[in-house]
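Residues in the sequence shown are numbered consecutively from 2, following the working numbering. Yeah, the Cβ is synthetic: ideal placement off N, Cα and C, and Gly gets one too. A short write-up of the structure that comes next.
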Amino acid sequence: MKKIMLMAATLLSLMLCSCKVNWFGSSYDVAWYYVAIPVLLILVVCYIILISGTYICPECKTEFKPKWYQISVCFHVGSKRVLKCPNCNRKGFCERKRRG
2 MKKIMLMAAT LLSLMLCSCK VNWFGSSYDV AWYYVAIPVL LILVVCYIIL
52 ISGTYICPEC KTEFKPKWYQ ISVCFHVGSK RVLKCPNCNR KGFCERKRRG
């Protein structure tokens, strides 16, 4: 219940706020949700893309699905990411499995 009250209080305080936007020398007041909603949508789309893939270990050919936070902070080049295989414990570039 405390979490819900805290979220409601935060939302209500944000509703009273506005953002100052400078656009080519002119200053505008913009409601907070015009900034927050696109950022939130981008984060949701990135999360869905991250969790939707499975990866293949080049050593043992095991398919595995890492946690979203492991994928989001690892080094990557193209569709390959440096991940640790849960089967053989090899850490290296794992290819993302293509659909189809």
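Rounding to the nearest angstrom, what Cα-Cα distance links residue 89 and residue 56 in this structure? One-based indexing of the sequence shown puts residue 89 at position 88. One-based indexing of the sequence shown puts residue 56 at position 55. Each residue's Cα considered, the two are about 14 angstroms apart.
Where residue 27 sits in the DSSP three-state scheme: Taking the first residue of the sequence shown as position 1, residue 27 is located at position 26. Residue state, collapsed to three classes: strand.
So within the region 28-99, which uninterrupted alpha helix (DSSP H) runs reach at least 4 residues, ignoring any that extend past its ends? 34-52, 69-74
Since residue 151 and residue 40 should fall inside the 8 angstroms C-beta cutoff, what is the C-beta to C-beta distance between them, to a whole number of angstroms? Absent from the model: residue 151. The displayed extent of the chain is 2 to 101, so no value can be given.
Can you give me the Cβ contacts of residue 97 inside the same chain, cut-off strictly under 6 angstroms, excluding the 5 residues immediately before and after it? In the sequence shown, the residue the question calls residue 97 occupies position 96. The residues are 54, 56, 80.
Going by C-alpha to C-alpha distance, which of 75, 7, 20 sits closest to residue 33? For this step, residue 33 is matched to residue 32 along the sequence shown. Nearest C-alpha to residue 33: 20.
CA-CA distance, residue 101 and residue 5? Numbered from its first residue, the sequence shown carries residue 101 at position 100. Numbered from its first residue, the sequence shown carries residue 5 at position 4. Residue confidence is low: residue 101 scores 49 on pLDDT, short of 50, so the model does not pin down where it sits. No coordinate-derived value is stated.
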